[in-house]
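All the letters of the sequence shown, read from the start, carry residue numbers -30 to -1, 1 to 778 under mature numbering (1 follows the signal peptide of the UniProt record, and there is no 0).
Using N, Cα and C, we set each Cβ at its ideal position, and we do this for glycine too.
First comes the structure, then the notes that go with it.
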Amino acid sequence: MPINRRHLLRTGTLALGAGAPLMNTGPVAAAPRAAAATSPGTAGAAAEVTADAFLRLKPGSIVPRGWLAGQLRLQLDGLCGRLTEKSHFLDFATSGWVHPENNAWEELPYWLRGYVPLSVATRDTAALDRARRWIDAILTTQQSDGFFGPRALRTALNGGPDFWPFLPLLQALRSFEEFTGDTRVVPFLTRFLRYMNTQGKGAFDTSWVSQRWGDCMDIALWLYRRTPEPFLLDLVDKMHTWGADWTGALPNAHNVNIAQGFREPAQYAQRSGSADHTRASYRTYTELLAAHGQFAGGGFAGDENIRPGFGDPRQGFETCGVVEFMASHELLTRVTGDPLWADRCEELAFNMLPASLDPDGKGVHYVTSANSVDLDNSRKTQGQFQNGFAMQSFQPGIDQYRCCPHNYGMGWPYFAEELWLGTPDGGLAAAMYAACQVTTEVAGGTSVTVTETTDYPFGETVDFTVSTPRSVRFPLLLRIPGWCAAPRLQVNGKSVPARSGPAFVRVDRTWADGDRVSLRLPQSTTVHTWPGNRDSVSVSHGPLTYALRIGERYVRYGGDTTFPEYEVHATTPWNYGLVPGGGLVVKRASGPVSANPFTQSATPVSITADARRVPEWIADDEHVVAPLQQSPARSAGAVEQVTLIPMGAARLRIASFPTASPDGTPWQPEAPYRRIRNKHSGKVLAVDGMSTENSAHVVQFDNSGTGDHAWQVVGRGDGWSLIRNGHSGKVLGVDLMSTQNSAHVVQFEDNGTDDHLWQFVDAGSGWFLIRNKHSGKVLGVDGMSTQNSAHVVQFEDNGTDDHLWQFA
Ligand SMILES: [Zn+2]
């Protein structure tokens, strides 16, 4: 039963991190701004919505330089830039977005959303022309009622329109309009949103779109500020009221839905004026990371859905999740003005995003993990990840990964666009840092250019030079990251007070041509302890997280030089624990930073650390690193010096380390996962519907290799064992602790009751009985059925063959 990721995974409402501490959201400016009379570009019409704390600059205002320009160029020459040559979803001659009689879904909208800002950021006119060709064609498909694109989408969702695949396309059209000034776009979007507003509740409250209305709310509010049509506010209210409720417990467990959805209440606060809505987004982020993000890099464990009990750093975060989370953090920086969100975006951009792509930018994988010691193209069958398909090799993955190769393209271009933001009082804010040049109007009309020179995040100094045709007064805001305790700021060589982060420092003065600002953000080395992952540790220096440098052997198993497919295997040991209190020495190579510093060979920074091998920590027989055990782990190994490099430069990595010492806790070898086969039917023990819920029925099924067929026998002493399911992490038990014959056998969380303990009794010839401690009965198949999905039950030991089992 492979999970089809085109279908919404219905796991029901999932209370966030049961037992997770309700953490303080910290020093935030969570209160929405007072209603502003106007926003730029409107004439006093937008009073029904509050203004953003910061304003997006027109696309094209920022010219990336340095390594960021290098990453964008790599992307244009790599998978995203050439995806139309490879993806059958992007075939202009057949796409339903151009030919409405054909079907189409999210792939073209995803790709165009990244490709338009990529062509703008790289100033590549040929790329922009290619984007324009698609947009010209799409604009001509609009019908008189406002609908456009594939006709089948009108009735694809319970007989009504399926709006989800439209949303990324609306964002692509906005970017295009803002850069080109194309006068067709605003009326086009207005007509389409008007059509949306005529739909009933059923078009809002089900499927993917119900989780992702924040994307459309962004467009509707943008449009309202351009053309204040009252129906747009009506539509915003419907999205919030009828869409999934992101103000309380998570309405959905899907990693990408969460990465997009959690910000919706803070967006709606612009309409409601309620600080509670803003606080809800803060609270969800904090609780989510506390429960499922107990490792470095800024992501969370969601190798399709978040799953209780699967929070080890070996779990993955989907590439779509990485870029959507970044886009959410960028949006929240603008909406709230809180520098914390920009910190979080940088953390993902510098650590997770490069790690999700191959070093040449020609391939992606589906999930990126903080700990990952082999990237092969083999499916995992023991429930290590939730999905049953291979997710780790770098490849175009048009059909295997499908969403991610089409969607990842917005990561760097959006990041580049959000480096600088406008302030409502005519100033400029440096929200995130990378070498670039920004040209925009300040103080009501003077066009200025600020040139930003820096190696950040590989260096700690950011220099700015102002070019202006005349002296002009405007505020310049500079973000101080939360990790920076002692920033130093100088204007034309004179010190200016700057407080520790997270903060924006405001320099409000009259600027003259050639004025210089120098910001120093001293980086210190920090060891973070993760109590939620057995007191493991991670090492950061400034905004970069560091990972063990593991020898990487790239094996091309398919594709060609334009679209290669790679596995990556380790050539050096990786099972190290860090020595508590051991030395950490930072090294920085001299010379300019490479255009592609997110590689082992080109990274300009490294850290030497004291470490000991933990020999019992191994990968399983499917090459997945075993989960962490309690730190400090016992190690009698000699202290060695290992090299750590930025996580973003490490395609294989250990970023969450155990600590290791001679008197630590012994590391227990992982019990293997095995299939348990019935003698009578030949089928294996499985969980009905691959459920992860408590009390889900245990059944027999053909041995088809899914993770719910994998069971781990965990000794609990005196010959009794837990039988733990690989997919759900739950253990075999008897429904309601019954002692009756034919009582259903179920899975349940390991809560220590006797019906969870089983004994393997040798019955000869390699077969055994599996006896329950609480009832004394043995595992059998209801009615001695030989059918798939027949219930597994307990029964008195009466010698029938359906009571005999063996490891398959
Ligand atoms: Zn994806």
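message: Any heavy atom of ligand 1 inside 7 angstroms of the beta-carbon of T289?
response: In the sequence shown, counting from the first residue as 1, residue 289 sits at position 319. Yes, the beta carbon of T289 sits closer than 7 angstroms to at least one heavy atom of ligand 1.
* Asked: Buried or exposed: which applies to P567, given that a residue is buried once 16 or more other Cβ atoms fall within 10 Å of its Cβ?
  -> By one-based count along the sequence shown, residue 567 stands at place 597. So P567 counts as buried.
Heavy atom of ligand 1 less than 7 angstroms from the Cβ of N222, yes or no?
Your numbering for residue 222 matches position 252 in the sequence shown. Not so, every heavy atom of ligand 1 lies at least 7 angstroms from the Cβ.
Nearest candidate by alpha-carbon position, reference P149, set S89, D132, Q670 and L137
Sequence index remark: in the sequence shown, residue 149 carries index 179 (1-based). Reading the sequence as shown, one finds Phe at residue 149 and not Pro. It is S89.
**Asked** CB of N377 to nearest heavy atom of ligand 1: below 7 angstroms?
**Response** Counting from 1 along the sequence shown, the entry for residue 377 is found at position 407. Flag set: Cβ of N377 near ligand 1.
Practice item. Would you identify the three-state DSSP class for P309, choosing helix, strand or coil? Key: The count along the sequence shown starts at 1 and reaches residue 309 at position 339. P309 falls in the helix class under three-state DSSP.
**Study point:** Ordered list of beta strand (DSSP E) runs contained in the region 595 to 679, each at least 3 residues
**Key:** 610 to 616, 646 to 648, 654 to 657 and 668 to 671
_Assuming R43 is part of the alpha helix (DSSP H), what are its boundary residues?_
As a working note, residue 43 is residue 73 in the sequence shown. Looking at the DSSP string, the run of the alpha helix (DSSP H) that includes R43 is G36 to D47.
* Asked: Where does S57 land, buried or exposed, given buried means 16+ other C-beta within 10 angstroms?
  -> Here residue 57 corresponds to residue number 87 of the sequence shown, with the count starting at 1. S57 is buried by the Cβ-count criterion.
Which stretch, first to last residue, makes up the beta strand (DSSP E) that contains T496? On the sequence shown, position 526 is the one that residue 496 refers to. Unbroken beta strand (DSSP E) run through T496: T495 to W500.
Rank D282, D395, R449 and N341 by C-alpha distance to the C-alpha of A312 and give the top, closest one. Residue 312 sits at position 342 when you count from the first residue of the sequence shown. Out of D282, D395, R449 and N341, R449 has the C-alpha closest to the C-alpha of A312.
- Query: Can the beta-carbon of G170 be found less than 8 angstroms from the beta-carbon of N128?
  - Reply: In the sequence shown, counting from the first residue as 1, residue 170 sits at position 200. In the sequence shown, counting from the first residue as 1, residue 128 sits at position 158. The answer is no: Cβ separation not under 8 angstroms.
Return the bridge partner residues of P138 from the DSSP annotation.
-> Along the sequence shown, read from residue 1 onward, the residue named residue 138 stands at position 168. P138 pairs with nothing; no bridge assigned.
Requested in this report: Could you tell me if T303 is buried or exposed, where buried requires 16 or more neighbouring beta carbons within 10 angstroms of its beta carbon?
Outcome: In the sequence shown, residue 303 corresponds to position 333, counting from 1. When all chains shown are included, T303 counts as buried.
What are the residues that DSSP puts in a beta bridge with K464? For this step, residue 464 is matched to residue 494 along the sequence shown. In DSSP, K464 forms a bridge with V461.
Contact between the region 502 to 510 and the region 627 to 636 is defined here as three or more beta-carbon pairs at a separation below 8 angstroms; is this criterion met? yes
Query raised in the report: Quick one: any contact between the region 654 to 669 and the region 679 to 686, if contact means 3 or more CB pairs under 8 angstroms?
Result: yes
Checklist entry - Per DSSP, W453 is paired with what? => result Working through the sequence shown from its first residue, we reach residue 453 at position 483. None; W453 has no bridge partner.
Check your understanding: Taking the DSSP output, what are the residues bridged to P445?
Key -> In the sequence shown, residue 445 corresponds to position 475, counting from 1. P445 is bridged to D478.
Since V179 and F232 should fall inside the 8 angstroms C-beta cutoff, what is the C-beta to C-beta distance between them, to a whole number of angstroms?
Within the sequence shown, residue 179 is the residue found at index 209, counting from 1. Within the sequence shown, residue 232 is the residue found at index 262, counting from 1. Contact flag wrong, Cβ pair sits at about 16 angstroms.
On a CA-only basis, which of W728, H714, S691 and G736 is nearest S759? Give me that one, please. Numbered from 1 along the sequence shown, position 789 holds the residue referred to as residue 759. Residue H714 is the option with its Cα nearest to S759.
Q.
Taking the straight line between their C-alpha atoms, what separation do you get for P501 and R604?
A. Within the sequence shown, numbered from 1, the residue matching residue 501 stands at position 531. Within the sequence shown, numbered from 1, the residue matching residue 604 stands at position 634. Looking at the two C-alpha atoms, the distance is approximately 18 angstroms.
Measuring CB to CB, does H335 end up less than 8 angstroms from M296?
In the sequence shown, residue 335 corresponds to position 365, counting from 1. In the sequence shown, residue 296 corresponds to position 326, counting from 1. Not in contact: H335 and M296 (Cβ atoms no closer than 8 angstroms).
Keeping to the same chain, check which residues put their C-beta closer than 7 angstroms to that of A641; ignore five residues upstream and five downstream. As a first step, residue 641 must be located in the sequence shown, where it is residue number 671. Contacts found: Q682, V683 and V684.
| said: Quick check: L598 and N503, are their CB atoms within less than 8 angstroms of each other? | reply: For the purposes of this step, residue 598 is identified with residue 628 of the sequence shown, where counting begins at 1. For the purposes of this step, residue 503 is identified with residue 533 of the sequence shown, where counting begins at 1. In this structure, N503 lies closer than 8 angstroms to L598 by Cβ.
> Can you list, in chain order, the residues of its chain whose CB lies under 6 angstroms from that of G48, leaving out five sequence neighbours each side?
Replying inline: Against the sequence shown, residue 48 aligns to sequence position 78. Cβ neighbours of G48 beyond the five flanking positions: G331 and K332.
Next on the checklist: Less than 8 angstroms between the C-beta atoms of K743 and D724, yes or no?
Outcome noted: Translated into the one-based positions of the sequence shown, residue 743 becomes position 773. Translated into the one-based positions of the sequence shown, residue 724 becomes position 754. Cβ distance < 8 angstroms, so K743 and D724 count as in contact.
(request) Quick one: grab the DSSP three-state call for L301. (result) Residue mapping note: residue 301 aligns to position 331 of the sequence shown, counting from 1. If DSSP states are grouped into helix, strand and coil, L301 belongs with the helices.
Exercise. Buried or exposed: which applies to F523, given that a residue is buried once 16 or more other Cβ atoms fall within 10 Å of its Cβ?
Worked result: Taking the first residue of the sequence shown as position 1, residue 523 is located at position 553. Phe is not the amino acid found at residue 523; the sequence shown has Arg there. Exposed.
Would G119 be called buried (16 or more neighbouring beta carbons within 10 Å of its own) or exposed?
-> Taking the first residue of the sequence shown as position 1, residue 119 is located at position 149. Burial call: buried.
Q) Does DSSP put F434 in a helix, a strand or coil? A) Locating residue 434 in the sequence shown gives position 464, counting from the first residue. Strand, per DSSP.
Requested in this report: Verify the contact flag: C50, CB atom, against every heavy atom of ligand 3, threshold strictly below 7 angstroms.
Outcome: Among the ligands in the structure shown, ligand 3 does not appear; only ligand 1 can be found there.
* Identify which residue in L46, E55 and P29 has its Cα closest to the Cα of D530. => To locate residue 530, count along the sequence shown from 1; it is residue 560. When only C-alpha atoms are compared, the closest one is E55.
Should C373 be counted as a contact of ligand 1 given a C-beta to heavy atom distance under 7 angstroms?
Counted from its first residue, the sequence shown places residue 373 at position 403. Yes.
Item to complete: Can you give me the Cβ contacts of W728 inside the same chain, cut-off strictly under 8 angstroms, excluding the 5 residues immediately before and after it?
Response: Residue 728 sits at position 758 when you count from the first residue of the sequence shown. Contacts found: W690, S691, L692, I693, L702, I740, R741, N742, K743 and L749.
**Study point:** Span separating the alpha-carbon of Q41 from that of H262
**Key:** Translated into the one-based positions of the sequence shown, residue 41 becomes position 71. Translated into the one-based positions of the sequence shown, residue 262 becomes position 292. Their Cα atoms are separated by approximately 29 angstroms.
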